[in-house]
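Read through the structure below, which is laid out as structure tokens, and then see the notes.
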């Protein structure tokens, strides 16, 4: 059935599929962010109105502290990006071009850090770098190096999966031809393979830079008072100094950084997708040969990185959680999770916070999957009209914006706009739905990026054949799109649930004390004095890490080999 002969109710259905996500994004993302930006450009005129006033920019930008924070943000993001790419390339080769027992398990293990909550990672590395920790001799507690290592821990899997996905599909015959003409393995890699991987490497680097520059929980836990980013500075100016105007100016600065990174990422991802269209199916991976330098060197580098960067922090966190306040091995820290900590440091117990997190994450996941699923249904289409194709591409880009805008900025914007939204006599800031909505805004781009490659890969002739055979549009969606995209839907649900469980930036602004989530409780415990509270923070971090890892393992198992997902 051609588009021009579609019934009116079918057009109405597509209108709803476009309109509902756009309204959601406008109300719960664009409006709060714009309202926050306005705080930096406008000031009260004394008569109840607002006038253009750029003095706030001059004031904030003239402070040495501002440029020190901006410099630290760019330096940490740049160092984290460079190290992630350098360490991730050998891992991409080993896990996607070599075949060996345990490769699937190792791929899953490498992915776990990306979905771990930032607070958990901060606590894990803080445990390593404290003077009494396994790596205390390095002196990296509250240091630039410690923060960068933690950022690499997070983003290593982004490089491995993004570059490995393209490397797996490269035709090996070009490199083999270069070797046959006398090129050394290194020269063949440098002149043939590396240029072919260039778009994927650049795309991964831009995404990693984006994630590093907007890191919040890790920097807040590991940076102390000396090292911070624009995002942590926004949080400090808002929660500790109530300087909303300065926080708004800093949010504008951060928007400039992340929008630039998003534009670069989108352009490079387009180049990568074009490159993939020129290749065939997955080229067969060769058996791992440790007698060859070509395989032995990447294997050695990956073993050191996975063992030292991935396993050691997590193992150290788990082991330290079983040491009580007196230093003896015990379950005291886990037994204390049913209390409010030393000197009543918390308003709820850790188990109550865990229940809050699970309940809120379930609601946020439902919202993210419904809204993100509607977006995917629309942007996965390939309309014949050039104008419609541009509109579909624009819709895809619009829904990626929350991935690059700080969750702290979104949460801050909620506080400014949702007291009486659209003139309604209701204060949404006290509503139990506010935190799930904020978490859903953060999770929607991951749902879209997880499901979109699978639905775009569906041959449109399958839908046309079903329509020719008399299937109505709803039946076509159910029998083609939903059936083929079911496993990617499972992975999208897992990503959304795991991200919502560990979300800290927006939740730290919005969660009420009596409904605190697990990441918020962990941060409060870390900030309280006493060995009992710190031990509880370690045990609570293990609980949160196990929850998120379990969710992702189940989601990956549901996906099987169907593919799907991109960073």
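Numbering (our numbering), first residue to last: 1 to 567.
Note that the Cβ used here is the ideal one computed from N, Cα and C, for glycine as well.
In this structure, the straight-line span from the alpha carbon of residue 544 to that of residue 228 is close to 25 Å. Residue ranges of uninterrupted alpha helix (DSSP H) with 4 or more members, entirely inside the segment 145-193 and ordered along the chain, are 173-180 and 185-188.
A contact between stretches requires three or more CB pairs, one per stretch, nearer than 8 Å, and the segment 50-65 fails this requirement with the segment 158-174. DSSP places residue 51 in the strand class (E or B) of the three-state scheme.
Burial of residue 257 is indicated by the presence of at least 16 other C-beta atoms within 10 angstroms of its C-beta. The alpha-carbon of residue 73 is positioned some 33 Å away from that of residue 432. The criterion of a C-beta distance shorter than 9 Å is not satisfied by residue 340 and residue 215. The Cβ-Cβ distance between residue 126 and residue 526 falls below 9 Å.
A distance of 9 Å or more separates the beta carbons of residue 337 and residue 553. The DSSP-derived three-state label of residue 496 is helix.
In the structure shown, residue 381 falls within a coil segment according to DSSP collapsed to helix, strand and coil.
Of all C-beta pairs linking the segment 12-25 to the segment 362-382, three or more are shorter than 8 Å, placing the two stretches in contact.
For residue 140, there is no enclosing alpha helix (DSSP H), as DSSP gives it neither H nor E. Taking C-alpha positions only, residue 515 is separated from residue 37 by approximately 29 Å. The segment 348-357 and the segment 503-522 touch, with three or more beta-carbon pairs separated by less than 8 Å.
Remark: C-beta atoms of residue 88 and residue 204 approach each other more closely than 9 Å. Within the model, the alpha-carbon separation for residue 455 versus residue 297 is close to 38 Å.
Separation of the CB atoms of residue 491 and residue 555 is rounded to 5 Å, and the pair is thereby assigned contact status at 8 Å. In terms of CA proximity to residue 412, 35 leads the group 35, 501, 160 and 362. For residue 224, the closest alpha carbon among the candidates 291, 521, 399 and 130 is that of 130. Checking the DSSP bridge columns, you'll see residue 287 partnered with 99. Contact between residue 222 and residue 147 holds: their C-beta atoms lie close to 5 Å from each other, under 8 Å.
One Cα belongs to residue 161, the other to residue 246, and the distance between them is close to 38 Å. In this structure, the CA atom of residue 64 is about 39 Å from the CA atom of residue 311. DSSP, reduced to helix, strand and coil, places residue 226 outside both helices and strands of the structure shown, so it counts as coil. If you look at residue 295, you'll find it in the alpha helix (DSSP H) that goes 293-305. Around residue 318, the same chain offers 542 as residues with beta carbons nearer than 8 Å, after the five sequence neighbours per side are excluded. The beta-carbon distance between residue 124 and residue 313, rounded to whole angstroms, is 4 Å. This is short enough to meet the 8 Å contact definition.
With a cutoff of 9 Å on beta-carbon distance, residue 163 and residue 188 are scored as not near each other. For residue 321, the uninterrupted alpha helix (DSSP H) segment begins and ends at 312-321.
For residue 43, the closest of 241, 249 and 169 by C-alpha to C-alpha distance is 249. Per DSSP, the beta-bridge partners of residue 329 are 323. Each residue's CA atom was taken as its position, placing residue 30 and residue 493 some 24 Å apart. In the DSSP assignment, residue 518 falls within the unbroken alpha helix (DSSP H) covering 518-526.
Using a 10 angstroms sphere on the CB of residue 240, the tally of other CB atoms stays under 16, which defines it as exposed. Secondary structure note for residue 123: its alpha helix (DSSP H) is the uninterrupted segment 118-129.
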